[in-house]
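Structure first, commentary second.
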Amino acid sequence: MKTKAKGVRAAAAALLAVFGIVLFLPLFAGVSAAEAEARYCDDGYYDEGYGGEGQSANTSYTIEYDYYVEHREYYVSAAPSYSSVSSEQTNNCASKAGANIIGYYDRYYPELIPDFEPGYLYPNNAYLYFPRVFQEQADLITALYYMMNTNVTAPGATEQDFKDGLTEYVEDHGYDIGFSSFHNNSTSVNYTAVQQMVQQKKVGVLLCDKYNFIFSINHDPDGTNTFISKRDYNISHMMMVYGYLIIDYYKDGSCIASETYLQVSSGFSDGSQGYIKMNDYLTIDNALVVSIS
Amino acid sequence: MKGKEKNDLERFKEYPQQITPPPGLDAPAARLTEELYGKKAAEKKERRARLVRRRLLPSLAILLVLLIPLCIGIPSMLTLDDEEGNYYLGEELTIELVEGDITAFMYEHGVRGRYFEEGSIQSSVAAHFLAKDHRLMFLVQDALFLSDTGLDTVSLGIVFTNDTFQQFDDFYKMTDSAEIAGVEVDYKTETANGMDVVRSRFSYEQVSYFLEITTISADGVLEQYITELLS
């Protein structure tokens, strides 16, 4: 009798264990998957007016030299850089990166933003993208914010949210979209791929776990030093990339520093445009060329 | 009660005369009483008062002469520091597009400032608030104007506080200055993408302005837009 009762208890325990695994395993798997997927501009807040830029530290520096040489072969002179439209749209770097990409391509594919000109071609053949002055740009940012499921399950948006939302928008407007990599490692990119991107008049997106941002590179008029206004940021972020610049600094006949800067539209609330310095405070999760046709 | 206390004190002073002190203590007691309440005590009091009058009062006067300016000056210096304001990064601010009448919006927030009310092809105004307390810090007007040489892109920062902002970092280290429409203007001109970019900084009616004009030719644009703004 005792043996039989023990057996019944063991069987019941085994059945409960199996039941529990079957019932709860998907939940745990789901949570784990969500935790594993990076969310961009996630500073932990859904609202309270946080833009998802995280905390930053001032890491500006000055380089002293005899002379410098700039390599501008793949430097792009104009690209959109839209700022925020509403304090209610927080943690929204994905939608602003997407809006900058759409705004860029609208010059060549006008139905991306119907009845809208993203910029102006001057008589000297310089093309200038407009700042965010039109309602169409504000509407675009808002549309992408929702298409990318920003702040839906957690603060910010994932890489997949970004791609899905951008794809939905582009295809809704009658165009095709594709993504290819220009990723190299955590602190640099594949420059050959970037060169091709620039030559083909395309743009890309950089997805970082942490990053630096250079607001300006100020060469002193007397030509002996350069002040680089830079901050390091401690949260995930994504930005549109559109070109790059290399500056070599020389002193006493030798190259003392060679610095490579990716040109980016920051996606910050104020729409700053600047650079990401390679091989610096930076963890690149992915780097994608976005092709629209 | 005060009268009673006085009587008690008088009785205490006369106490030595009323009792016979224990043997051996009468002389010290008498001396102590004399020191505390007798003629010697009165003389000692007078000497002390003279000392205060001769030495301490002048010293106190000198101290007051030194302290009063400090008491006035230190708070003033602290006030001046506050008046210089704080430096705010972009991440410390939130942005709202201003919809509707700009003048009414400024009035609702208790501020006043100049902006380009007419003449532009397109214009938008964004309000920048301090995230922690939603205090309006500045407006930025972006506008497009059609000029004789083509399209001018104008960005005007209208700052209502004494604080400084990362957004306007490029508006310092100016190379030139001029008086335009009665206002002292600091400015610099750079070239980018084949265009002239003129950045200027000035104050008018206790509001700070940061004006950036991107144009095909910088000749006369600063005078044109500042005069238009302040007219």
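Residue numbers (the numbering used here), protein chains in the order written: chain E, 20 to 312; chain R, 15 to 245. A virtual CB, placed ideally from N, CA and C, is assigned to each residue, including glycine.
Please report the straight-line C-alpha distance between residue i and residue j, rounded to a whole angstrom.
i               : j               : result
P127 of chain R : S73 of chain R  : Reading off the sequence shown, one finds Gly at residue 127 of chain R, where the question assumed Pro. Computed Cα separation, rounded: 54 Å.
S217 of chain R : V308 of chain E : 45 Å
Y123 of chain E : F135 of chain E : 12 Å
T205 of chain R : L80 of chain R  : 57 Å
S205 of chain E : A276 of chain E : 21 Å
S199 of chain E : G193 of chain E : 20 Å
G171 of chain R : L107 of chain R : 14 Å
S207 of chain E : D233 of chain R : 42 Å
T93 of chain R  : G133 of chain R : Because the pLDDT at T93 of chain R is just 45, under 50, the model does not fix this residue reliably, and the value given afterwards should be weighed accordingly. Their backbone Cα atoms lie some 41 Å apart in a straight line.
L226 of chain E : A157 of chain E : 23 Å
S191 of chain R : R213 of chain R : 11 Å
I135 of chain R : T167 of chain R : 10 Å
I254 of chain E : S96 of chain E  : 28 Å
Y300 of chain E : E242 of chain R : 45 Å
E67 of chain E  : Q108 of chain E : Here E67 of chain E scores only 39 on pLDDT, less than 50, and its place in the model is too uncertain to base an answer on.
R61 of chain R  : L71 of chain R  : 15 Å
A75 of chain R  : I82 of chain R  : 11 Å
Y165 of chain E : F201 of chain E : 27 Å
R64 of chain R  : A41 of chain R  : 30 Å
I247 of chain E : D241 of chain E : 16 Å
L236 of chain R : E131 of chain R : 17 Å
A56 of chain R  : L77 of chain R  : 30 Å
T172 of chain E : Y59 of chain E  : 13 Å
L34 of chain E  : V27 of chain E  : 10 Å
A53 of chain E  : T169 of chain E : Any reading at A53 of chain E must be qualified, since the residue scores a pLDDT of 41, below 50, and its modelled position is unreliable; the value itself is stated next. Rounded to whole angstroms, A53 of chain E to T169 of chain E spans 14 Å at the Cα level.
G293 of chain E : E155 of chain E : 24 Å
Do residue j and residue i count as a contact pair if the criterion is CB distance below 8 Å?
i               : j               : result
G290 of chain E : R151 of chain E : yes
L269 of chain R : V199 of chain R : In the structure as shown, chain R begins at 15 and stops at 245. Residue 269 of chain R is therefore absent and cannot be evaluated.
M257 of chain E : A113 of chain E : yes
T229 of chain R : M209 of chain R : yes
T302 of chain E : K229 of chain E : yes
L98 of chain E  : D251 of chain E : Sequence inspection shows Ala at residue 98 of chain E; the Leu mentioned does not correspond to that position. Cβ distance not < 8 Å, so A98 of chain E and D251 of chain E don't count as in contact.
V224 of chain E : I120 of chain E : yes
S138 of chain R : D156 of chain R : yes
N110 of chain E : G197 of chain E : no
L2 of chain R   : Y139 of chain E : Outside the modelled stretch of chain R, which goes from 15 to 245, sits residue 2 of chain R, for which no answer is possible.
L150 of chain R : H123 of chain R : yes
D177 of chain R : Y102 of chain R : yes
S79 of chain E  : D195 of chain E : no
N231 of chain E : K249 of chain E : yes
The ligand FMN heavy atoms versus the CB of residue i: any closer than 7 Å?
i               : result
T211 of chain E : Ligands are entirely absent from the displayed structure, and the ligand FMN is therefore not among its contents.
Of the residues the options, which one's Cα is nearest the Cα of residue i?
i               : options                        : result
S169 of chain R : R:Q181, R:D162, R:T175, R:Y102 : R:Q181
N100 of chain R : R:Q155, R:T203, R:F174, R:T117 : R:F174
L158 of chain R : E:G197, E:A157, E:F153         : E:F153
K146 of chain R : R:D162, R:G104, R:F185         : R:G104
N207 of chain R : E:T161, E:R91, E:H202          : E:R91
T245 of chain E : E:I236, E:D251, E:N253, E:Y252 : E:I236
I295 of chain E : E:D239, E:T186, E:I233         : E:I233
L244 of chain R : R:I194, R:R215, R:S231, R:S138 : R:I194
E190 of chain E : E:S310, E:V27, E:T243          : E:S310
Y186 of chain R : R:R215, R:G171, R:G133, R:V197 : R:R215
N203 of chain E : E:V213, E:P129, E:T186         : E:V213
E187 of chain E : E:L159, E:V171, E:T211         : E:L159
M167 of chain E : E:K220, E:A30, E:G117, E:Q215  : E:G117
T117 of chain R : R:Y129, R:K59, R:A41           : R:Y129
V88 of chain E  : E:A306, E:C274, E:Q74, E:A162  : E:C274
D304 of chain E : E:A173, E:L35, E:A57, E:L131   : E:A57
D184 of chain R : R:K202, R:E57, R:R69           : R:K202
Y94 of chain E  : E:N231, E:P240, E:V222, E:G242 : E:V222
F149 of chain E : R:I227, R:H148, R:D162, R:L77  : R:I227
V197 of chain R : R:K59, R:V211, R:I240          : R:I240
Y210 of chain E : E:A30, E:L185, E:A306          : E:A306
L163 of chain E : E:T243, E:L131, E:Q292, E:Q74  : E:L131
Does residue i get closer than 8 Å to chain B when you measure Cβ to Cβ?
i               : result
S138 of chain R : This model lacks chain B altogether, as its protein chains are E and R.
message: Measuring CB atoms only, is the segment 79 to 96 of chain E touching the segment 266 to 279 of chain E, in the sense that at least three cross pairs come out at less than 8 Å?
response: In short, these stretches touch, since the Cβ pair count reaches three.
- request: Determine contact between the segment 256 to 264 of chain E and the segment 276 to 295 of chain E, defined as no fewer than three beta-carbon pairs at a distance below 8 Å.
  value: The answer is yes - the segment 276 to 295 of chain E touches the segment 256 to 264 of chain E, with three or more Cβ pairs under 8 Å.
task: Flag this pair as touching only if the segment 288 to 302 of chain E and the segment 102 to 112 of chain E have three or more C-beta atom pairs under 8 Å; answer yes or no.
output: yes
message: Give the list of continuous beta strand (DSSP E) stretches no shorter than 3 residues that lie fully inside the segment 196 to 253 of chain E.
response: 196 to 200, 202 to 204, 222 to 238, 244 to 252
- prompt: Are the segment 211 to 226 of chain R and the segment 136 to 149 of chain R in contact at 8 Å, needing three or more beta carbon pairs?
  reply: no
Completely contained beta strand (DSSP E) runs for the segment 117 to 180 of chain R, where each covers 3 or more residues: The qualifying runs are 136 to 144, 149 to 161, 164 to 173.
Whole beta strand (DSSP E) elements within the segment 127 to 187 of chain E, 3-residue minimum: Scanning the segment 127 to 187 of chain E for uninterrupted beta strand (DSSP E) segments of 3 residues or longer gives 138 to 140, 146 to 148, listed from N- to C-terminal end.
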